[in-house]
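For reference, the structure discussed in these notes is given below.
Residue numbers (the working numbering): 13 to 312.
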């Protein structure tokens, strides 16, 4: 969330508009990018970004030059897909440049953080692990539930798994109690059903509500609250929160993909794209570049 704020701030600011570009003009400049379904204005944004950012692997030049006729690097086509998606949503060129550069920089092994994915509820199986820090009274966290569930259970089933961690804020008085209830549910093998119910009713998390939700998923609500208020799960909730703080979490939801902080929106297209990129990064054992063009140094 903290990096994506760049888009929101820039979109509301007075910024120079990109020049409109026709589909034919775009084909002449970047023939390897399919921009036919963008508007003239969106193609202008795409080209402004493509001439500014450098390709992240393979072809060692600007994205626009790596999309020119005669080029064959597949990385440029993938990067173009990300820029195109952001442009299609109406974001201006400058924040797209910043976001795209932050996204590819996040693959640097030195920027990844080590998180304990063994001590948390896990949904799905796969070589890519997503760790989400969330707060049960956070509206954006509730919006992330369905996209993340669909990612690991459908869109990238067998390729990605989701690890849930608690990050309750003191400004949300019922978030820590709800997290403890979720931890109780985890001890009974009912974490994910209760997790979904808590987020679906995050404005109604008083004790009577919590007992009712526990009953809905087959748990003993009275026993749950007894153990919660006895502090049985406080250590685990606090351990999650401290792990998040150590990883640099400042807001929720905060998502890490194999240890790299996710700067893209938690939406289906971006999640699937990120998992695919992570799998590609693993397969290639890191991003690698071809020879630099003669007379041109790669600037970062």
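Using N, Cα and C, we set each Cβ at its ideal position, and we do this for glycine too.
1) Can you name, in chain order, every residue of its own chain whose Cβ lies under 7 angstroms from the Cβ of residue 238, other than the five neighbours on each side?
2) Rounded to a whole number of angstroms, what is the C-alpha to C-alpha distance between residue 201 and residue 143?
3) Please report the distance separating the alpha-carbon of residue 130 from that of residue 174.
4) Return the chain-ordered list of same chain residues with a C-beta closer than 7 angstroms to the C-beta of residue 127, the five sequence neighbours on each side being excluded.
5) Can you give the Cα-Cα distance for residue 29 and residue 207, rounded to whole angstroms?
6) Use the C-beta contact count for residue 264: other C-beta atoms within 10 angstroms, 16 or more gives buried, fewer gives exposed.
7) Within the same chain, show all residues whose beta-carbon is closer than 7 angstroms to that of residue 242, passing over the 5 residues directly before and after it, in chain order.
8) Can you confirm whether the stretch 225-239 touches the stretch 276-295 when touching is taken to mean that 3 or more C-beta pairs between the two stretches lie within less than 8 angstroms?
9) Using a threshold of 8 angstroms, state whether the C-beta atoms of residue 317 and residue 176 are closer than that.
10) For my contact list, residue 249 and residue 197 are in at a C-beta cut-off of 8 angstroms; report their separation, rounded to the angstrom.
11) For the stretch 23-90, list the beta strand (DSSP E) runs that are entirely contained and at least 3 residues long, ordered along the chain.
12) Would you kindly work out how many angstroms separate the C-alpha atoms of residue 225 and residue 218, rounded to a whole number?
13) Since residue 135 and residue 109 should fall inside the 8 angstroms C-beta cutoff, what is the C-beta to C-beta distance between them, to a whole number of angstroms?
14) So, does the CB of residue 135 fall closer than 8 angstroms to a CB anywhere in chain C?
15) What are the boundary residues of the beta strand (DSSP E) that residue 175 is part of?
Quick look at the numbers:
1) none
2) 19 angstroms
3) 11 angstroms
4) 143, 255, 259, 268, 271
5) Spanning the two alpha carbons is a distance of roughly 44 angstroms.
6) buried
7) none
8) no
9) Residue 317 lies beyond the range of the chain shown here (13 to 312); nothing can be said about it.
10) The pair is not a contact, with the Cβ atoms about 13 angstroms apart (cut-off 8 angstroms).
11) Within the stretch 23-90, no complete beta strand (DSSP E) run reaches 3 residues.
12) 11 angstroms
13) That pair is no contact at about 34 angstroms.
14) Absence of chain C from the displayed structure is noted, only one protein chain being present.
15) 172-178
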